[in-house]
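Novice: Structure provided below as structure tokens; questions to follow.
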Amino acid sequence: MYYLVLVQLGLMVFGIVNSQGIYDNPCTLFDSPSRYFDKDGVMYLTVPVNCVSGDVYWNYPQGSIVLNATRSSTDVYALCIDATQGTEFAGLWEITGGVEEALEIPTEENGGVCIKNIRGEAAVKITAPSLRRYLTIFKYRIQYPAP
Numbered sequence: 001m002y003y004l005v006l007v008q009l010g011l012m013v014f015g016i017v018n019s020q021g022i023y024d025n026p027c028t029l030f031d032s033p034s035r036y037f038d039k040d041g042v043m044y045l046t047v048p049v050n051c052v053s054g055d056v057y058w059n060y061p062q063g064s065i066v067l068n069a070t071r072s073s074t075d076v077y078a079l080c081i082d083a084t085q086g087t088e089f090a091g092l093w094e095i096t097g098g099v100e101e102a103l104e105i106p107t108e109e110n111g112g113v114c115i116k117n118i119r120g121e122a123a124v125k126i127t128a129p130s131l132r133r134y135l136t137i138f139k140y141r142i143q144y145p146a147p
């Protein structure tokens, strides 16, 4: 019986350690209770400067997320949004340079959507799906040089 408990505990610890890696990755972005939506229902997330790709976990998606990347103004790059299984948005807009332009919603079939930076900044606004869901996950990547 003692051996069985150790095996079960070992599996449990393995599971905890395994899932902990997601939270330790500085390139994985989360909405969280410490982040609040502004008065317009927008949450702001920034791609860390040292990251070229990562995942965004959006729990109980509501309102919108603005995902922004800032690099050197001389860098030529694109911010790309890629879908994973279960990615669902109501809308996606490029908002770089203050102009809002609708983009194709990324799917696993279309290979994602990329926007070029303007003076070192690239930003997209993503609107939550109309039907409430538990989680949506999508990928971002910084592509050098911009396509």
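Its first residue numbered 1, the sequence shown is counted upward by one per residue in UniProt numbering.
Glycine is no exception: its CB is placed at the ideal position from the N, C-alpha and C atoms.
1) When DSSP labels each residue in this structure, what does residue 24 get in the three-state scheme?
2) Going by DSSP, what residues sit across from residue 76 in a beta bridge?
3) In the DSSP output, which residue or residues are listed as bridge partners for residue 114?
4) Do residue 87 and residue 120 have their C-beta atoms closer together than 8 Å?
5) Which partner residues of residue 91 appear in the DSSP bridge assignment?
6) Would residue 108 be called buried (16 or more neighbouring beta carbons within 10 Å of its own) or exposed?
7) DSSP three-state call for residue 107: helix, strand or coil?
8) Once the 5 residues before and after residue 46 are set aside, which same chain residues still bring their CB inside 6 Å of it?
9) I need the DSSP call for residue 97, collapsed to helix, strand or coil.
10) List the endpoints of the continuous beta strand (DSSP E) containing residue 44.
11) Between the Cα of residue 80 and those of 117, 97, 63, spot the shortest distance and give me the residue it belongs to.
Specialist: On the basis of the data shown:
1) As a first step, residue 24 is located in the sequence shown; it is residue number 24 there, counting from the start. Residue state, collapsed to three classes: helix.
2) Counting from 1 along the sequence shown, the entry for residue 76 is found at position 76. Answer is none; residue 76 lacks a bridge partner.
3) Along the sequence shown, one-based indexing puts residue 114 at 114. According to DSSP, residue 114 bridges with 80.
4) By one-based count along the sequence shown, residue 87 stands at place 87. By one-based count along the sequence shown, residue 120 stands at place 120. Contact flag unset, no.
5) As a position in the sequence shown, residue 91 is number 91, starting the count at 1. BP columns for residue 91 point to 127.
6) Here residue 108 is taken as the residue at index 108 of the sequence shown, counted from 1. Its Cβ having fewer than 16 others within 10 Å, residue 108 is exposed.
7) Working through the sequence shown from its first residue, we reach residue 107 at position 107. In this structure, residue 107 counts as coil in the three-state DSSP scheme.
8) As a working mapping, residue 46 is identified with position 46 in the sequence shown. Excluding positions up to five away in sequence, the list reads 68.
9) Within the sequence shown, numbered from 1, the residue matching residue 97 stands at position 97. Helix.
10) Along the sequence shown, one-based indexing puts residue 44 at 44. Here the beta strand (DSSP E) through residue 44 covers 42–46.
11) Residue 80 sits at position 80 when you count from the first residue of the sequence shown. Residue 117 is the option with its Cα nearest to residue 80.
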